[in-house]
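Visitor: Note that the numbering used here gives residue 232 to position 56 of the sequence shown, counting from 1, and the numbers run on in steps of one.
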Amino acid sequence: PSLGVIRDITQQRFGKRPCLWQIKITQAFIEANRDIVCIAGTSMGKTMTFLMPLLFKPSLQIIVTPLNQLGRQNISSLAKAGLLSISISSETASWANFRDIKDMKYRAVIVSPEQLMKPGGEFEKLLRKPLFAQQIIGVVFDEAHCIATWGEFRPEYKELERLRYILPCYVPFMLASATLTVDNLAHVKRLLHI
């Protein structure tokens with residue numbers, strides 16, 4: 177879709193007029209031809225950049241977030257746009273929820289690194305299924321600076337590097353952060369093979 181179409185549909189569905197940089201990130205996601213790094217200040221609209229593509233492509237977005245509260249905020253934003261999503265935590269990691277994810281009931285799955293990278297867990301089983309992986313528009317690492325700074329006390333952050341070997345190479349990754357320093361960006365890009 178054109179810049180104007182993305183702008184108009186986003187404004188209609190989310191009730192917010194997106195900025196040009198948000199529209200360009202959305203286009204990059206839709207084209208699915210490269211990884212994306214989005215460094216923008218707090219409250220500048222980074223979240224919109226990874227929710228907007230769901231309006232234009234019938235697919236699934238995986239959003240990796242360090243905090244359950246951020247997941248709840250994303251679910252609320254998506255619901256306002258009429259997009260069904262789920263946050264998977266230790267409390268919601270049920271067989272029924274994973275079946276619904278596999279059946280594409282949700283457009284976005286918000287998950288912590290601990291749940292996503294659980295060895296032999298349900299996510300790994302799903303991500304290894306080619307038919308499921310084909311439906312993924314991208315994997316977003318919200319608050320991406322945490323990958324570099326929290327890895328010592330949340331070791332699953334270091335395990336995120338396995339995603340590049342589990343998912344097909346055409347699934348783009350997006351790093352979103354307000355505080356990703358040059359050194360931390362280099363570390364995260366190396367870890368995630370970006």
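In this text, a Cβ means the ideal position worked out from N, Cα and C, and glycines have one as well.
Could you compute how far the alpha carbon of Asn360 sits from the alpha carbon of Asp279?
Guide: Distance between the alpha carbons of Asn360 and Asp279: 36 Å.
Visitor: Considering Ile313, what are the terminal residues of the beta strand (DSSP E) in which it resides?
Guide: Here the beta strand (DSSP E) through Ile313 covers Ile312 to Asp318.
Visitor: With H, G and I counted as helix, E and B as strand and the rest as coil, what does DSSP make of Val285?
Guide: Note: Val285 maps to strand in three-state DSSP.
Visitor: In this structure, how does DSSP classify Lys213 when only helix, strand and coil are distinguished?
Guide: Note that residue 213 is Val in the sequence shown, not Lys. DSSP places Val213 in strand when its eight states are reduced to three.
Visitor: Looking only at its own chain, which residues have a Cβ that is under 8 Å from the Cβ of Leu302, when we skip the five neighbours before and after it?
Guide: Excluding positions up to five away in sequence, the list reads Phe274, Ile277, Lys278 and Phe308.
Visitor: Assess contact between the segment 195-206 and the segment 280-288, defined as three or more Cβ pairs (one per stretch) separated by less than 8 Å. Is contact present?
Guide: They do not touch, by the three-pair rule.
Visitor: At what residue ranges does the segment 223-284 contain a whole run of the alpha helix (DSSP H), taking only runs of 4 or more?
Guide: Correct list: 244-256 and 271-278.
Visitor: Sort Met228, Val181 and Tyr346 by Cα distance to Asp211 and report the nearest one.
Guide: If we check each option's Cα against that of Asp211, Tyr346 comes out closest.
Visitor: Looking at Ile323: is its Cβ nearer than 8 Å to the Cβ of Phe349?
Guide: Cβ distance not < 8 Å, so Ile323 and Phe349 don't count as in contact.
Visitor: Hey, out of Ala362, Ser235, Lys365 and Ala354, whose CA is closest to Thr218's CA?
Guide: Closest by alpha carbon: Ala354.
Visitor: How long is the line joining the alpha carbons of Tyr333 and Leu367, rounded to whole angstroms?
Guide: Approximately 9 Å, taken between the alpha carbons.
Visitor: To which residues of the same chain is Ala255 closer than 8 Å at the C-beta, ignoring the five residues directly before and after it?
Guide: Correct list, in chain order: Ser261.
Visitor: Could you tell me if Val364 is buried or exposed, where buried requires 16 or more neighbouring beta carbons within 10 angstroms of its beta carbon?
Guide: Val364 is buried by the Cβ-count criterion.
Visitor: For a quick check, are the C-beta atoms of Ile286 and Ile251 less than 8 Å apart?
Guide: Closer than 8 Å, so yes.
Visitor: In terms of residue numbering, what span does the beta strand (DSSP E) encompassing Leu336 cover?
Guide: Where Leu336 is concerned, there is no enclosing beta strand (DSSP E), given that its DSSP letter is neither H nor E.
Visitor: Looking at the unbroken alpha helix (DSSP H) that takes in Ala204, where does it start and where does it end?
Guide: Run containing Ala204: Leu196 to Glu207, per the alpha helix (DSSP H) assignment.
Visitor: Starting from Leu351, trace the alpha helix (DSSP H) both ways and give me its first and last residue.
Guide: Unbroken run through Leu351 is the beta strand (DSSP E), Phe349 to Ser353; no alpha helix (DSSP H).
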